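Residue 70 in this note's numbering sits at position 44 of the first sequence; the count goes up by one each step and never skips.
Here is the structure we will look at.
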Amino acid sequence: MLDIKYLRQNLDLVRKKLRQRGQAIDLDRFLALDKQRRDILLSVETLRNERNDASKEIGKLKKEKKDASSLISKMSDVSEKIKQLDDNLKTVEDDLNNFLLLVPNIQHESVPAGNGENENVVIRLGGEKPVFKFEPKEHWDIGESLNILDFGRGAKIAGARFTLYRGLAAALERALINFMLDLHVGEHGYTEVLTPFMVNRESMTGTGQLPKFAEDLFKIEGMDYFLIPTAEVPVTNIFRDEILDESQLPVYFVAYSPCFRSEAGSYGKDTRGLIRQHQFNKVEMVKFTRPEDSYDELEKLTANAEEVLSRLGIHYRTVCLCAGDLGFSSAKTYDVEAWMPGQNVYREISSCSNFEDFQARRAAIRFRREENGKIEFVHTLNGSGLAVGRTVVAILENYQQADGSVIIPEALRPYMRGADKISM
RNA sequence: GGAAAGGUGGCUGAGCGGCUUAAAGCGCACGCUUGGAGAGCGUGUGACCUGUGAAAGGGUCCCAGGGUUCAAAUCCCUGCCUUUCCGCCA
């Protein structure tokens with residue numbers, strides 16, 4: 027959510043920024059609602075003030091056994107008026123709030139212009155592409171011929187976009203989770219948390235999934251619970267409605283969680299393999315920082331994600347998303363894309379974002395400045411560290427051998443009972 | 001699932017419908033005192049909205065939402081959450 031005062035005072039700038047993101051938002055409606063709200067507020071508060079004074083007077087008169095009936099009947103009218111104005115105010119405030127909840131964040135000045143994916147800017151390459159003396163296969167072929175990924179039975183058990191892992195694939199998934207958590211906790215200074223995988227509506231609203239993106243979520247029938255689409259939601263909401271001490275900041279959390287996404291609107295996209303599933307595992311990093319630190323922290327967060335790929339020996343590139351490709355809540359996002367030789371493409375394997383105070387304002391996450399005691403919103407950031415299923419894809423495709431086997435990267439072997447290879 | 005008790009500020013904890021602008025204590029901050037610390041004494045101690053150059057001022061907030069009343073932390077209803085006991089359960 028944007029700061030209402032900032033919006034009021036920088037209407038043209040906001041309009042311009044939103045246009046760059048490809049967002050058509052009617053800011054005149056905001057102006058009208060905002061004015062209405064303040065007008066009503068002024069009159070209702072004047073009446074309240076009058077009533078408060080009169081109430082004291084009535085109390086005094088009663089105690090002195092004097093007649094208060096004329097004042098009481100007068101206040102009866104005033105109360106009636108207050109009630110009406112309150113109703114109006116509530117309507118206007120609801121409208122205003124609903125409007126603000128649907129306005130996306132404003133991008134940082136360093137974000138490049140552009141309309142979509144194709145205009146993202148590559149800022150870094152890491153590692154090297156493997157060289158194959160044969161035609162590398164796609165991971166779904168590798169996984170099926172090794173009998174470690176069973177797409178047919180996944181579909182039987184649950185449906186399309188669900189997969190059954192078997193044997194060393196299951197072990198590999200679990201090894202990756204532990205490897206990533208150990209790396210971020212042991213070397214990058216994060217604290218591990220394990221959260222609920224279902225959350226309530228407030229949490230979803232706090233991080234920006236609701237109200238706008240309800241169709242992307244799985245909802246529990248008959249209860250107001252949602253399956254999390256990412257651990258970002260429960261982890262960021264850890265501090266919802268809290269005021270932190272400045273000395274606590276920055277806070278770094280890392281969490282493993284399964285993620286559930288309806289993938290509404292992606293019919294026919296990535297239908298084969300592990301790339302786009304209704305359920306997948308992810309290790310997520312989340313940071314709470316002071317405003318002046320958040321862009322440095324974004325660089326470090328992105329480097330933490332890249333480090334996972336470096337340790338696994340997988341080539342990647344890092345792109346800065348252009349204005350038109352940014353997510354709803356983000357002010358700036360780097361995507362880390364792993365090289366997938368079987369498909370001959372780079373695929374997003376981590377997305378690292380600075381939300382500035384957008385989520386903090388929605389979720390009321392604040393901190394107290396030491397020097398003056400003032401309360402401010404924190405900045406929140408998060409990034410995948412990494413998407414586990416897609417990392418399995420990258421390993422299968424990058425480490426495949428001519429004989430159909432797959433070498434296990436050394437960093438993972440201690441997590442896989444010493445196994446160094448997956449073969450028939 | 002059955003029964004009961006509760007939800008008040010950073011914490012503990014008062015609060016017969018009007019003198020609550022939420023008592024008191026603890027904590028915290030500042031000052032006095034001290035060689036220094038402690039004790040003692042004094043002062044202060046929330047958030048949000050509105051307003052302004054900044055203020056003053058005004059308003060809201062005692063879990064949430066409704067209701068009764070001239071007036072609600074206080075009375076009524078609904079929901080949520082917590083705790084205890086019983087049942088069931090990985």
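By construction, the Cβ of each residue, glycine as well, lies at the ideal position given by its N, Cα and C atoms.
As the structure is a computational prediction, the values presented were derived from the model and not from experiment.
| query | result |
| --- | --- |
| Spatial neighbours of methionine 27 in its chain, beta-carbon cut-off 6 Å, leaving aside the 5 residues before and after | Leu126, Arg387, Arg388 |
| Check whether valine 261 and phenylalanine 244 have beta carbons under 8 Å apart | no |
| According to DSSP, residues forming a beta bridge with leucine 67 | BP columns for leucine 67 are empty, so no partner. |
| Inter-residue CB distance, arginine 34 and aspartate 60 (contact presumed, cutoff 8 Å) | 6 Å |
| Segment limits, beta strand (DSSP E) that includes threonine 406 | 405–413 |
| Burial state of glycine 212 (16 or more Cβ within 10 Å) | exposed |
| Per-residue burial, methionine 249 [other beta carbons within 10 Å of its own, 16 or more giving buried] | exposed |
| Residue environment, phenylalanine 273, which counts as buried when at least 16 other CB atoms sit within 10 Å | First, the amino acid is wrong: residue 273 is serine here, not phenylalanine. Result: exposed. |
| Selected residue, minimal CA-CA separation from proline 367, among Pro156, Leu338, Arg74 | Pro156 |
| For tryptophan 166, the residue or residues it bridges with in DSSP | According to DSSP, which records beta bridges pairwise, tryptophan 166 is partnered with nothing at all. |
| Environment of tyrosine 293 [buried if 16+ CB atoms lie within 10 Å] | exposed |
| DSSP three-state assignment for phenylalanine 205, whether helix, strand or coil | helix |
| Secondary structure of glutamate 382, DSSP reduced to three states | coil |
| Cβ pair threonine 359, serine 377 closer than 8 Å | yes |
| Spatial distance of serine 410 from leucine 324 (CA atoms) | 12 Å |
| Near the ligand HEM: lysine 42 beta-carbon under 7 Å from a heavy atom | Questions concerning the ligand HEM fall outside what the structure shown contains, since it holds no ligand whatsoever. |
| Contact under 8 Å by Cβ, lysine 159 with alanine 420 | no |
| Beta-carbon separation (whole angstroms), arginine 302 vs lysine 295, contact threshold 8 Å | 6 Å |
| Contacting residues, own chain, Cβ-Cβ under 7 Å from serine 105 (five flanking each side not counted) | Arg77 |
| Selected residue, minimal CA-CA separation from valine 312, among Phe265, Ile174, Ser99 | Phe265 |
| Alpha-carbon to alpha-carbon, valine 362 and glutamate 218 | 22 Å |
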